[in-house]
Amino acid sequence: MQSSSSFMNKIRFNFLYIDKYTFGRTWIYPESAIPYNMLRYIIDGSAEFMVDDEIVMVRKGQVAYIPESCRLACRALEDNFSFYSIRFTTSVFYEGANFLREYYHFPLVMDVGEEIEAYFGGIYKWVRTEKKSKVFHVRGALDSLIASLIDILNFDEPGDVKAEINSLEYNLEQIRRRVKSSAVQTDPRIQTVIDYIMLNPTEEYTSEKLCDMAEVAATTFRRLFKGATGKTVTEFIRQVRLTMAARLLLVSNDPVNCIAHDVGFEDANHFIRVFRQAFGMTPNQYRKRSQE
Numbered sequence: 233m234q235s236s237s238s239f240m241n242k243i244r245f246n247f248l249y250i251d252k253y254t255f256g257r258t259w260i261y262p263e264s265a266i267p268y269n270m271l272r273y274i275i276d277g278s279a280e281f282m283v284d285d286e287i288v289m290v291r292k293g294q295v296a297y298i299p300e301s302c303r304l305a306c307r308a309l310e311d312n313f314s315f316y317s318i319r320f321t322t323s324v325f326y327e328g329a330n331f332l333r334e335y336y337h338f339p340l341v342m343d344v345g346e347e348i349e350a351y352f353g354g355i356y357k358w359v360r361t362e363k364k365s366k367v368f369h370v371r372g373a374l375d376s377l378i379a380s381l382i383d384i385l386n387f388d389e390p391g392d393v394k395a396e397i398n399s400l401e402y403n404l405e406q407i408r409r410r411v412k413s414s415a416v417q418t419d420p421r422i423q424t425v426i427d428y429i430m431l432n433p434t435e436e437y438t439s440e441k442l443c444d445m446a447e448v449a450a451t452t453f454r455r456l457f458k459g460a461t462g463k464t465v466t467e468f469i470r471q472v473r474l475t476m477a478a479r480l481l482l483v484s485n486d487p488v489n490c491i492a493h494d495v496g497f498e499d500a501n502h503f504i505r506v507f508r509q510a511f512g513m514t515p516n517q518y519r520k521r522s523q524e
């Protein structure tokens, strides 16, 4: 059985965007499909959120968790309703599972301490700087934010370590079945290729180059790569590029065709088609949604 530490080492949270919003009582967000995860910290006021078919009330000092692929509708209940909203995706390795809910039991609304607001404010500040280090500050702050929420939700963890481990393994098995992930630890030769692609998603990759990188034959490489990621290498590279494109759409005003080229798509029309297949909307619709 794959160890829990091996499983956890593969989980990544990919930051997309953060903004701070203030609305009046007349604000209504019509029901829409959400193609990413969101964490919203309520700075002031209150509102009603409908997530799929569940209606929840949110108020100052709470965090709302809005999972990827849900349907969301909102309306403000007070004259001054303001919140931070962070958008992110879960790592490509375990696509398809509501990881934070299934593994860490994230509810739709959490009561949190004042220190949590500082994480949102820190990320909001860092994405607006031009420092070369900002990507690492943002990545680290997002991980720390999620870790702090996990600590708040699990403050009464059982002292029986054996029971805790058994519960952990049960939850991991649930997730494995959902996402059809491999039951073996990733081969280090394949992990090298995965890490390289994640750092260099726009390069042109040939089968020969990838096999040389992993130092294995083509047939072995295809088998090991599919076992490690659940995808062919072409599917994996495309998803990494689309995640990169999604972030650029939210943080820049570059034209769609320029973003397509920047992330490794030579044909902008092809990029729009595959983006729509992945996110359920065109790149322009995705960008517009962030401004609503």
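In this text, residue positions in the sequence shown follow the numbering used here: the first is 233, and each later residue adds one.
In this text, a Cβ means the ideal position worked out from N, Cα and C, and glycines have one as well.
Proximity to residue i [Cα-Cα], best of the options
i: Val191; options: Thr451, Arg291, Cys302 and Tyr273; result: Past the edges of the chain, shown from 233 to 524, lies residue 191, and the structure says nothing about it.
i: Ser317; options: Gly496, Trp358, Arg473 and Tyr273; result: Tyr273
i: Tyr297; options: Ala460, Leu309 and Leu271; result: Leu271
i: Tyr336; options: Asp375, Asp383 and Glu362; result: Asp383
i: Phe255; options: Ile266, Met289, Leu309 and Leu304; result: Leu309
i: Leu381; options: His493, Glu349 and Gly354; result: Glu349
i: Leu340; options: Glu286, Arg508, Val359 and Phe315; result: Glu286
i: Thr466; options: Asp494, Pro487, Ile429 and Cys490; result: Ile429
Residue j beta carbon less than 8 Å from that of residue i
i: Asp276; j: Phe313; result: yes
i: Arg291; j: Ser278; result: yes
i: Thr434; j: Gly496; result: yes
i: Lys252; j: Tyr351; result: no
i: Phe320; j: Phe368; result: no
i: Ala460; j: Phe453; result: no
i: Ala379; j: Gly354; result: no
Residue i, buried or exposed, once every other Cβ within 10 Å from all chains shown has been counted against 16
i: Phe338; result: buried
i: Glu347; result: exposed
i: Glu362; result: exposed
Rounded straight-line distance, which links the Cα of residue j to that of residue i
i: Lys458; j: Asn269; result: 25 Å
i: Gly391; j: Lys364; result: Residue confidence for Gly391 is low, a pLDDT of 46 falling below 50, so the modelled location carries little weight and cannot support an answer.
i: Glu263; j: Cys306; result: 8 Å
i: Ala526; j: Leu456; result: Outside the modelled stretch of the chain, which goes from 233 to 524, sits residue 526, for which no answer is possible.
i: Tyr249; j: Leu431; result: 19 Å
i: Phe331; j: Arg521; result: 24 Å
i: Pro515; j: Val483; result: 13 Å
i: Tyr437; j: Ile260; result: 46 Å
i: Val506; j: Leu474; result: 8 Å
i: Ile426; j: Asp499; result: 25 Å
i: Thr424; j: Cys443; result: 11 Å
Where residue i falls: helix, strand or coil (DSSP)
i: Ala449; result: coil
i: Tyr326; result: In this prediction, Tyr326 has a pLDDT of 48, which is less than 50 and means its spatial position is unreliable; what the coordinates show is noted afterwards. Three-state DSSP puts Tyr326 in a helix.
i: Arg319; result: strand
i: Glu396; result: In this prediction, Glu396 has a pLDDT of 45, which is less than 50 and means its spatial position is unreliable; nothing more can be read from the coordinates.
i: Ile422; result: helix
i: Pro262; result: strand
i: Asn386; result: coil
i: Glu347; result: helix
i: Phe338; result: coil
i: Cys306; result: strand
Cutoff 8 Å: residue i Cβ touching any chain B Cβ
i: Arg470; result: Checking the listed chains, one finds no chain B in this structure; it contains a single protein chain.
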